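K.L.:
One structure coming up, written as structure tokens, with questions to follow.
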Amino acid sequence: MYPALTYYLYPLLAQVALSYLVAALILVTRLTDVVGRKTHRAFYENYSGVGGPILVQRTTHQLANLFEFPTLFLVLMALLVGVGLQDDPLRLLAWCFVGLRFLHTAIHLAHNVLWLRMSVFMASNLVLLALWLRTAWLAVGA
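Residue numbers (numbering that gives the first Met the number 0): 0 to 141.
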């Protein structure tokens, strides 16, 4: 019924799943923090005072990151599905983008080596730019 949807469905679902996985990790880290009495629950009620443990801060930051540039990816996927455009290089680039976002998340939440995280971040943004440029190129019929 919607061939373009099934064509891009798996990278799209993987990107959405990443957001939900990080959101679930936020819940786990915050509950562990509050139950373990490491940070007073008032911090989470008002977000004032000294912040929570570093993993709580990183997961919260990472979820915010997943609603910045990846939003452009989600919009592009909706556009491609809406117009019914199926293109193998676009699908490959979509998978590359999602893979790099998973890698970025893993680096951010694990070791957080800044130069490595920033390199992966920039690579994912270049792939996203390539996705948009290829879409524009195909749209003008080149």
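From the three backbone atoms N, C-alpha and C, an ideal C-beta is built for every residue, glycine too.
On a predicted model such as this, the values are computed, not experimentally measured, just so you know.
1) Using a Cβ-Cβ cut-off of 6 Å (strictly less than) and excluding sequence neighbours within five positions of Leu11, which residues of its own chain qualify?
2) If we require 4 or more residues per run, which alpha helix (DSSP H) segments fall completely within the stretch 39-100?
3) Check whether the Cβ atoms of Tyr7 and Ala135 lie closer than 8 Å to each other.
4) So what does DSSP say about Val34, is it helix, strand or coil?
5) In terms of residue numbering, what span does the alpha helix (DSSP H) encompassing Ala135 cover?
6) Using the rule of at least 16 other Cβ atoms within 10 Å of the residue's Cβ for burial, across every protein chain shown, is Ile106 buried or exposed?
7) Quick check on Ala109: does DSSP put it in helix, strand or coil?
8) Shortest alpha-carbon distance to Leu73 belongs to which of Leu54, Asp87, Leu115, Leu127?
9) So for Tyr7, helix, strand or coil by DSSP?
10) State buried or exposed for Thr59, treating a residue as buried only when at least 16 other CB atoms are found within 10 Å of its CB.
P.N.:
In brief:
1) Here the set comprises Met76.
2) The alpha helix (DSSP H) runs lying completely inside the stretch 39-100 and spanning 4 residues or more are 40-45, 53-64, 68-82, given in chain order.
3) Note that the C-beta distance between Tyr7 and Ala135 is not below 8 Å.
4) It is helical.
5) Unbroken alpha helix (DSSP H) run through Ala135: 113-138.
6) Burial call: buried.
7) Coil, per DSSP.
8) Measuring from the Cα of Leu73, the nearest candidate turns out to be Leu127.
9) If DSSP states are grouped into helix, strand and coil, Tyr7 belongs with the helices.
10) With 16 or more Cβ atoms within 10 Å of its Cβ, Thr59 is classed as buried.
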